[in-house]
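A short write-up of the structure that comes next.
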Amino acid sequence: MIKTPHLDLLVQYLTPVFYTVLFYFIQIEPKDGSYLMVLLLLGGFYIGNALLWLDGKVLYGYYNELKTLPKQLITRSVLFVLAYLALAIFMVTSSNNLIGVGIVLAMGLTIAIEMLATRKDLELFHQKFLFQVKRRLSPLEVTRIAYGFSSFVMLMAFYFLVSASR
Numbered sequence: 001m002i003k004t005p006h007l008d009l010l011v012q013y014l015t016p017v018f019y020t021v022l023f024y025f026i027q028i029e030p031k032d033g034s035y036l037m038v039l040l041l042l043g044g045f046y047i048g049n050a051l052l053w054l055d056g057k058v059l060y061g062y063y064n065e066l067k068t069l070p071k072q073l074i075t076r077s078v079l080f081v082l083a084y085l086a087l088a089i090f091m092v093t094s095s096n097n098l099i100g101v102g103i104v105l106a107m108g109l110t111i112a113i114e115m116l117a118t119r120k121d122l123e124l125f126h127q128k129f130l131f132q133v134k135r136r137l138s139p140l141e142v143t144r145i146a147y148g149f150s151s152f153v154m155l156m157a158f159y160f161l162v163s164a165s166r
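Pasting the structure below:
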């Protein structure tokens, strides 16, 4: 994890609350089950953050003990990020599961903020996100990856808010 306690606090605790409140108020006519919907979405956000925390704090030690597993975080690998893109599109556009949408958006938001925070330190970015890639990417390519992924996550969050208001 990035050593920025204020950023971690904002992402893990305040952003989900802000987003779910926005989700509630964007609904033109809140229904009787709106409070339950907000709680499910908020729960999904916290589960998504807990999964990333679990990978970084608990499972990382397990990876280092085994010789066959990589010594980097699985949830920051290129393969995970590529699989995330497909899963996010499915969950946000086709699924009606608010917990799943919350998990996907929280994980994407956290990874996007970590990408943006580390994009200027090429060595750290390569160690953290591109350890499976043999070629060293240029600073411009790394910046494009970070901004592209962040734009994708924001687009998914915006699409979910717009589709939830219908």
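Residue 107 in my numbering sits at position 107 of the sequence shown; the count goes up by one each step and never skips.
Glycine included, each C-beta is placed from N, C-alpha and C at the ideal position.
Only counting the same chain, and skipping five residues up and downstream in sequence, which positions put a Cβ closer than 7 Å to that of residue i?
{"i": "Asp55", "result": "Leu73, Ile74 and Thr75"}
{"i": "Leu197", "result": "A query on residue 197 cannot be resolved here, the shown segment of the chain reaching from 1 to 166 and no further."}
{"i": "Val142", "result": "Arg119, Leu122 and Phe125"}
{"i": "Tyr46", "result": "Pro16"}
{"i": "Tyr35", "result": "none"}
{"i": "Pro139", "result": "Leu122"}
State the start and end residues of the unbroken alpha helix (DSSP H) segment that holds residue i.
{"i": "Thr118", "result": "Leu98 to Thr118"}
{"i": "Arg144", "result": "Pro139 to Ala164"}
{"i": "Phe125", "result": "Leu122 to Phe129"}
{"i": "Leu82", "result": "Val78 to Thr93"}
Determine the contact status of residue i and residue j, defining contact as a CB-CB distance below 9 Å.
{"i": "Asn49", "j": "Thr110", "result": "yes"}
{"i": "Phe152", "j": "Leu85", "result": "yes"}
{"i": "Met37", "j": "Leu98", "result": "yes"}
Excluding the five sequence neighbours on either side, which residues of its own chain have a C-beta within less than 8 Å of the C-beta of residue i, listed in chain order?
{"i": "Val81", "result": "Ile111, Phe129 and Phe149"}
{"i": "Val101", "result": "Leu41, Gly44, Met91, Val92, Ser95 and Phe160"}
{"i": "Val21", "result": "Val38"}
What separation, rounded to the nearest whole angstrom, lies between the Cα atoms of residue i and residue j?
{"i": "Phe18", "j": "Arg135", "result": "39 Å"}
{"i": "Ile113", "j": "Val78", "result": "16 Å"}
{"i": "Val162", "j": "Leu137", "result": "36 Å"}
{"i": "Leu52", "j": "Val58", "result": "10 Å"}
{"i": "Phe23", "j": "Gln132", "result": "37 Å"}
Tell me which same chain residues have a C-beta within less than 6 Å of the C-beta of residue i, skipping the five on either side of it?
{"i": "Met156", "result": "Ala88 and Val92"}
{"i": "Ile103", "result": "Gly44, Ile47 and Gly48"}
{"i": "Ala106", "result": "Phe45, Gly48 and Asn49"}
Are there any heavy atoms of the ligand ADP lying less than 8 Å away from the beta-carbon of residue i, as far as the coordinates show?
{"i": "Phe90", "result": "Here there are no bound small molecules, and the ligand ADP is not part of this structure."}
Assess, as a yes-or-no matter, whether the segment 122 to 139 is touched by the segment 82 to 92 under the definition of 3 or more beta carbon pairs within less than 8 Å.
no
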